[in-house]
Every structure is written in C-alpha cells, then in structure tokens.
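Participant:
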Ligand SMILES: [Zn+2]
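Numbering (the numbering used here), first residue to last: 1 to 468.
(1) Put residue 165 into one of helix, strand or coil per three-state DSSP.
(2) I think residue 307 touches residue 231, with their Cβ atoms under 8 Å apart; what is that distance to the nearest whole Å?
(3) For residue 218, which residues from the same chain have a beta carbon less than 8 Å from its beta carbon, with the 5 sequence-adjacent residues on both sides left out?
(4) Which residue marks the beginning of the beta strand (DSSP E) containing residue 47, and which one marks its end?
(5) List in chain order: all unbroken alpha helix (DSSP H) runs of 4+ residues lying wholly within the segment 123-206.
(6) Suppose the cutoff is 8 Å on Cβ atoms and the five residues either side in sequence are ignored; what does the same chain contact list for residue 130 look like?
(7) In the DSSP output, which residue or residues are listed as bridge partners for residue 69?
(8) For residue 188, count neighbouring Cβ atoms within 10 angstroms of its own Cβ and tell me buried if that reaches 16, exposed if not.
(9) According to DSSP, is residue 271 helix, strand or coil?
(10) To which residues of the same chain is residue 289 closer than 6 Å at the C-beta, ignoring the five residues directly before and after it?
(11) Please go through the same chain and pick out, in chain order, the residues whose beta-carbon is closer than 8 Å to the beta-carbon of residue 463, but skip the five residues on each side of it.
(12) Who does residue 257 pair with in a DSSP beta bridge?
(13) Assign residue 22 to one of three DSSP states: helix, strand, or coil.
(14) Would the beta-carbon of residue 404 fall within 8 Å of that of residue 359?
(15) Hey, residue 191 and residue 251: beta-carbon distance below 8 Å or not?
(16) So what's residue 331 in DSSP terms, helix, strand or just coil?
(17) When we look at the beta-carbon of residue 448 and count the other beta-carbons within 10 Å, is it buried (16 or more) or exposed?
(18) With a threshold of 6 Å on Cβ separation, who are the neighbours of residue 336 within its own chain once the five nearest residues in sequence on each side are excluded?
(19) Could you pull the start and end residues of the alpha helix (DSSP H) that residue 391 belongs to?
(20) With hydrogens ignored, establish whether the beta-carbon of residue 456 is closer than 7 Å to any heavy atom of ligand 1.
Here is the structure:
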C-alpha cells in the first residue's frame, strides 16, 4: 500500500517545521493519532471512585494491581494492545462497532469469552455494570470482534475469497461507519466512549453511577488522611462524564442511521429513520441531566470541601491556577451552555426539520416545533411567578441568547433556516410575555427579567430590519 506522502514524511511542508501533526517521527515514539488512552484514564478514575464508594459489588478478596482489580486492568491492556496492533495492520477506527450487543446480555451473568464489540477499533467505554444486569460482565471486550476478523480476511486472505467476503458487508455484526463521518455525521451509533446496542442505556447507567458517587464524595470516597483536593478532582472528572453522556445523547436528536448496503434483494436503504421515541428519550435525558439545577449533585456542604493543591507540573497547573473558592456558577453555567449547544445549534435544528420531509404523515413524528417548544417549556416553566434561582437565571439568559442568534440569522442563507428563524421569533415573543407576567418582588429576578424583555424588544426590531 502506498501511503500519501504527508503521512510518511517529517520534512517541513505546509504544516510547518514540525511536519504534519500525525506524521510518524523517528525521534518520538509517542502515538499522535490514536487517543485511546486519555479517555480510558478518565474511566479508570471513575471506576476507582466507584470502588472507593462500594457501589459496584466488587469482591473484596479480588487480586489488585496498584489498587485496581486484575480483572479490570488485564482485559483493558489486552483491548488497547489489540487496538493498536489493528492500526499496524491497516485498520481504521470503527466507532459504531460497540453497538452489536446489548449491555443487559453482557451483564446477565452468562457471558463467556465472546467479543462484546464488533471490533477492537472502536473507542469503547469501560464496561462498568451499574444497574445494567445481574452480574458484572467483562470490563473490556475479551477478544477481537467479528468485524476485525472479516476486515483482516479481506486485507490479507486469498483473492479467491474476496467476492464472498464482500457479500457479507450488511451483516449486523460487521457494522462499519467511517470516523470521517463521526464529527459531522448524524448516526447516533457512530460515537466514541459509549457502549452497547443503545447507547442511551449506557448514558443512563453512567449518569446514575455519577449521581450515586457524588453523594458519597465527602463521606466515603476520600479517606482519612487524604487531601480535600481529591473531592474537587473527583467531582470535575464526574462532571466530564456527565458532559460526555449529554454529547452522546444529543446525536439521536435529528439523527439518521446510515447503511452501507449496495442494492440487493431485501437490502436496507442508505438512510434509515431514527425512531421518534428515541429522539424524545434523548432530549429528555439532556433536559433532566443539564437544565435542572439538581442534576449536578451540588450542595453548599460539598462545595465547602472542594480543596486544591499547588503542584508546579503539567498535571497540577490548572488546579493551581483555579480560584480557591469553587466558581460554581461559571462551572454549571458552562455545562448548561454546552448542553444548549448540543440541542439548539443550527445544524441539529436543520436536521430535525429536514427529517420531517421523510417522516411527514407518520403518526407521532418528532418535529422541529416539538423540539423548540420542549426546550422552552423546560427552561421557562414557573418563570411567570416567584423568585427565579441563580442557576435558572443563567440558563434562561443563555436560552434567550441562542434564540436571538437564530432570530437574527439572515434568512436568505438557507431555506430551512427561514423556518427556524421564524420559530425563534415566536419563542422570543412568548418568553417576553412570560417575563412581563412575573412580579415576585425579588430584586435579582426583577433585574433579570427586565433585561430579558429589553433584549427581546431590541432583537425583534433588529430581526425585522435584517430579515425583511
Ligand atoms: Zn486508534
């Protein structure tokens, strides 16, 4: 095989003196292309916290390696080794492969040494059983998967078998979706750091685990004699897991399944609808786990235990520079803004709207209007009466700003965006009515809502001028 020259040369080129960032470097054997280790380290930290919190039912007499059970770390090393050797043999990532088996089967207590994933070339989250099944199954896929064997047989087997092998490409266990389509694509199976046939089950399990552990951070997970800085680090790591789950769930909204089948008797079409109930489930998962201030497991007592340490090294610098008093509003506001981007970005809104062309007439189809209304109701419910909390004020301001951006989009750029822009204007008018109805007398609430009304008034004037 002849690789493109930029992958094999470290000579100065369009990428500057250092060459392409993924180019092999004869002086540095660090892997620049495959990032499998970083997130597995985050999962290891979560698993370690789960052990300390005694929420997994791990046998206390199990063999430990640096405090981690051998049954966890051994298969994980085997999986990573297989993955990297797969690259050496020419395999690309296949981020949909972890969807071939149900987690409830893997954790049924009857799983043997079969692969849990179609391929080791996926970035597969550690398979931690939290309310998924009767008994912990393998933490990492025990062996190479059916896709790996099939792809290697095609690349290295006799030419006489190629035709036969190609005819198997639509078998469910051989699912392959390109990493090139992962960032911009719309298939909810094509995601990293998830696991199982429906990754919403995975997300619910992980979010449940995180919530359980947060409530035990101060009491159980940090031992006597350990630094309170561990509470801050553990919490932030779990917040990262929470955002990871929100990101995975968001791919279902406006999603489509992509099939690689060629035309054949009984073959699947290239584009397949994602069921409406799964899109609603994903949207509600995001709302419940980000827009609700109780979704972050915070309490004044927990925040009082967010200690920090001062280590002048690469791992410690960000903590060293962090404000000693935890910046609770910025941290939670940042996560909520991220979640808002997941569901209200123009790309997702456009997909939901375009999908309506295919699903029109179907009973109970998921629509753009439903998405916009559901988000608005979750954020503004109760805002017409009573004092509004500091977290909810942040969230409402963020939501208003997103709608303002959508309302001011130049309608000539995209026909789909005209509908989205019109809906945003309607939502802003509804929010203005809600804001005007509140007379709680709370000074923060009054200032917040007055600002909202002012911004919406100015926006609607501007939108008329920009979009007329
Ligand atoms: Zn890789």
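The C-beta atom is built at its ideal place from N, Cα and C for all residues, glycine as well.
Facilitator: So, to answer that:
(1) Reduced to three states, the DSSP call for residue 165 is helix.
(2) Yes, residue 307 and residue 231 are in contact; Cβ-Cβ is about 7 Å, under 8 Å.
(3) Hits under 8 Å: 231, 301, 302, 305.
(4) Secondary structure note for residue 47: it is in no beta strand (DSSP E), and the uninterrupted alpha helix (DSSP H) holding it is 36-52.
(5) You should have 146-156, 162-166.
(6) Hits under 8 Å: 50, 55, 56, 205, 206, 208, 209, 212.
(7) In the DSSP output, where bridge partners are listed per residue, residue 69 has 64.
(8) If you draw a 10 Å sphere on the C-beta of residue 188, you find 16 or more other C-beta atoms in it, and that means buried.
(9) Here residue 271 sits in strand by DSSP.
(10) A distance below 6 Å between beta-carbons, with the five flanking residues on each side excluded, links residue 289 to the following residues of its chain, in chain order: 207, 295.
(11) Same-chain partners within the cutoff: 407, 408, 421, 425.
(12) Answer by DSSP bridge pairing, in chain order: 272.
(13) Unreliable positioning characterises residue 22 in this predicted model, as indicated by a pLDDT of 47, which lies under 50. The coordinate reading is nonetheless provided below. Residue 22: coil per DSSP, three-state reduction.
(14) Taking 8 Å as the Cβ cut-off, residue 404 and residue 359 do not qualify as a contacting pair.
(15) Going by C-beta atoms, residue 191 is nearer than 8 Å to residue 251.
(16) Helix at residue 331.
(17) It counts as buried.
(18) Result list for residue 336: 290, 395, in chain order.
(19) Judged by DSSP secondary structure, residue 391 falls within the alpha helix (DSSP H) whose first and last residues are 390-407.
(20) Every heavy atom of ligand 1 is 7 Å or more from the Cβ of residue 456, so no.
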